[in-house]
Amino acid sequence: MQRTVVALALAACVQAFAPPRIVATTPAAKSSVLPLRSESALRSAVAEETFEFTAETDRVMEIIINSLYSDKDVFLRELVSNAADACDKKRFLSIEAGNAADALRVRITADPDKKTLTIEDSGVGMSRDELVANLGKIAKSGTKAFAEALGDAPDDVNLIGQFGVGFYSGYLVADKMTVTTKSMNSDKTHTWSSDAKSGFTVREEGEIEGSSGTRIVLDVKEDCSEYLEEATLRRLLKRYSEFLQFPIELYASKTTYDDEVDEEATKKARESDPDAKEVTKSVTNVKFDYEVVNSMKPLWLRPPKEVNASEHSEFYKSAFRAFDDPLRTIHFALEGQVQFKALMYVPKSLPFELNQNMFDENANSMKLYVKRVFINDKFDLLPRWLVFMRGIVDSEDLPLNVGREILQKSKMLGVIQRRLVRKSLDAFSDLQKNATEYDEFWKNFGKYIKVGAVEEQGDVQKDLAKLCRFYSTKSGDDQTTFSEYIERMPQNATKILYLSGDSREQALNSPVIQRLIKTDYEVLLLPEALDEIVCQAIGEVDGKKLVDASKDDLKDVFDDDDEDEDNGDFEELCSWLKLQLEDRVSSVKLSKRLVDAPAALTEGAFGMSPTMRKYMAAQAVAQEDEFAGFGGAGKPTLELNAKSSIVVALNNGDLTSDEAEDAAELLFDVAALTGGYELSDATAFATKVTKLMGQTEIPPKKEAEPVEAEVVE
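According to mature numbering (1 follows the signal peptide of the UniProt record, and there is no 0), the residues represented by the sequence shown are -16 to -1, 1 to 697, in order.
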């Protein structure tokens, strides 16, 4: 929609400013329209020229201002950026001509009394013709063909950025703008003036300090008076223009406290003591002068080898409001298809703005600059799983859309993001070489790496998988990587097993992995739902498939000579239990994985683990949708331990009795509890346990044997 509005605005500009009518005013005849004459003759004949727009210029301006800029603050960025560009051009031309340029700088002066804001530079300046060409048309070099091309190809970034309307953002805060300028190639000074409604005037008038430069005076609107405040200007300059290569000077107040002789107090003191010393008093003095506000130098422009750790630390803390040193620094430049310089930092601790929301959209992890001018910190320069990173990208040739406010999604952005991701992964991999550093990194940012492993694909996902850590049945209180797990696998093993649970201890004690532990087959223990999602997303590591140990088919995991259990004499019991529990289980069979537990619940190939069931239930509550996420949950399989005395007793008992039915219910509930499932009816379970406890015979107390008294003679 916005792109369409932009195209319409630019198309209107073509009609509005092609060509302008020139109305000359002289002291003798201010309203007479001059006949057609040569341009040079016209200039020599008049002191001031008025250019009438041939269309509804105020409407065109309204569209541009209201459509292209969503934040009034950007006017200062645009005007200061233009001023810095003028200084840069002057420096280049001076070097090319072998001359020394004047002191290149940009000055900002606010006058609250006159309600004016002045931005002045000592740059290249403009001639009279350049004033008309550059400021007399909202869309420089605009043609109908170009507007049509923009409409036909709105995504072609090569068409965007050729309309220089940044200057006109000044009308966001100003009723009128006056530009006084002197070109390097002229000894005359000209002044351009317009209220953006009734055209503009150009006259030979004014003074410019130095050999060339431009001064823009904004008559600030009544409701924009905050832009005349020193604090506001300082904040905006700090935000948008801190790293410009030329000094940005703000006319600011400076308070000093000086000691002065207190004449009256001194006189009084010497009346009683002629030798008394002079009495001084502290006097507050407020002075105004120009102060450089962009004191920070862009480290990323220097060769990486020339920037030391202390400089990086100071810059990191200042630019990103950090309180500790970065864990790692990434400093590089890319030449080729896209040219940009980048400076990135791996934080040592979690940035405070991510404490409440791990993907806070206001985290502002990466700042985008173009030619050292801050553009935005809202772009997706990094995928969201790298939101904790802090850094700066500065491009010399990145295309911008009109207004420099919204960067077009382009192939260039894709190139930048891929390179930033790759450099980040390399830094994380390097961190792994230092166990202490990586432990700290993983504690703070492990969850982001896991999210990345879920959301990425291909080589990036594989590299993220190498960074992941999990607890296992062999890791104790430490964590292990997939690579370390594979190194410990039996020679012919093909599966990496994992099991989720409410906690590491609950997963470790789950009956479904009893035999795996007994046979020394390692199992990853996943106490968080995200861990399980990660394993499902990765799927395979170095040819080894990741398999949930709670699935009901692990035939190839156990020894080949271990025959599957045959239901045999337990067939009737299995069928009866299936009937008794038909609303809760999909099937009942004998197990080959159990050691001590009488029964366990397992899932089919597409079943949902207990941890995932709880996670999906929580999501359903959050979304106020009781059916969300449960379409494929299914029912688990009940596996029986044929060697369990409880199962044997039930198999040999009267299955038509009430006791058998209660035992079946308890068998399922115990299997559910030990497996991490939630009971559907905890009260009924408690009732059955209480009844069972009532049937338990507790031996009576043993009577104490009498103690014979010892006779002491």
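Here a beta-carbon is modelled for each residue, glycine too, at the ideal position from N, C-alpha and C.
Being a predicted model, the structure only gives us computed values, none of them experimental.
Residue from the options with nearest C-alpha to residue i
i           : options                : result
residue 707 : N418, K427, A449, D381 : A question about residue 707 goes unanswered here, because the residues of the chain that appear run from -16 up to 697.
D309        : E62, L318, A293, A655  : A293
Q520        : V572, V435, L234, S333 : V435
M280        : A236, F454, E298       : E298
R368        : P288, V438, D540, K205 : V438
D72         : T102, G107, N83        : G107
K99         : D159, A87, N83         : D159
K427        : L404, G375, D462, D414 : D462
L561        : R402, E275, T640, F669 : T640
E214        : E206, D646, R187, A236 : A236
Q401        : I433, L318, R453       : L318
L634        : S559, A670, F59        : S559
E262        : D246, V277, L365       : D246
G660        : L334, K205, M592       : M592
G150        : F336, V405, Q679, F59  : F59
G197        : G109, V204, R187, D242 : G109
residue 699 : D526, D532, V405, I630 : This structure does not reach residue 699, given that the chain is present from -16 up to 697, and the question cannot be answered.
G320        : V399, D646, K251       : V399
S178        : Y152, A670, F554       : Y152
Between the CA atoms of residue j and residue i - distance to the nearest angstrom
i           : j    : result
R27         : L119 : Note that R27 has pLDDT 42, beneath the 50 cutoff, so the model's placement of it is unreliable and no number is given.
R199        : V163 : 6 Å
E512        : K598 : 11 Å
A581        : F363 : 55 Å
M342        : E80  : 51 Å
E694        : K675 : 49 Å
K265        : T93  : 33 Å
T658        : E489 : 11 Å
E547        : Q498 : Bear in mind that the predicted position of E547 carries a pLDDT of just 47, short of 50, making it unreliable; the figure below should be weighed with that in mind. So the alpha carbons of these two residues sit roughly 18 Å apart.
residue 704 : D69  : Only positions -16 to 697 of the chain appear in this structure, which leaves residue 704 out of reach.
T175        : L115 : 9 Å
L418        : A306 : Sequence inspection shows Asn at residue 418; the Leu mentioned does not correspond to that position. Cα to Cα, N418 sits roughly 23 Å from A306.
S571        : N348 : 52 Å
M473        : V525 : 13 Å
L538        : A626 : 18 Å
D447        : S664 : 41 Å
S16         : T34  : Here the model assigns S16 a pLDDT of 29, short of 50, so the residue's position is not dependable, and the following value carries that caveat. Whole-angstrom Cα-Cα distance: 11 Å.
K56         : S195 : 33 Å
G190        : A31  : 13 Å
V683        : M677 : The sequence shown places Pro at residue 683, not Val. Answer to the nearest angstrom: the Cα atoms are 14 Å apart.
T41         : V186 : Residue confidence is low: T41 scores 48 on pLDDT, short of 50, so the model does not pin down where it sits. No coordinate-derived value is stated.
Bridge partner(s) assigned by DSSP for residue i
i    : result
Y152 : Y152 pairs with nothing; no bridge assigned.
W284 : Beta-bridge pairing links W284 to no other residue.
D378 : K325, Y353
W176 : V163, V186
I200 : I103, V163
Y482 : L508, D532
L318 : F324
Beta-carbon proximity of residue i to residue j, cut-off 8 Å
i    : j    : result
D486 : T595 : yes
Q564 : A648 : yes
R218 : L202 : no
V371 : L338 : yes
I480 : L514 : no
S494 : L483 : yes
S225 : R61  : yes
K528 : T478 : yes
K222 : V157 : no
S78  : A84  : yes
V277 : E244 : no
L509 : F454 : yes
K502 : E587 : no
T240 : K271 : yes
K672 : D646 : yes
G375 : Y329 : yes
K407 : F316 : yes
I232 : V64  : yes
L578 : E623 : yes
K325 : L285 : yes
Distance between beta carbons of residue j and residue i, contact taken as under 8 Å
i    : j    : result
L228 : R356 : 5 Å
S575 : E506 : In fact, because the Cβ distance is near 20 Å, the residues do not count as touching under 8 Å.
S209 : S167 : That pair is no contact at about 34 Å.
L283 : P96  : Contact flag wrong, Cβ pair sits at about 36 Å.
V496 : A584 : 5 Å
The ligand ATP heavy atom lying under 7 Å from the CB of residue i
i    : result
N346 : As presented, the structure is devoid of all ligands, the ligand ATP included, so that no description of it is given.
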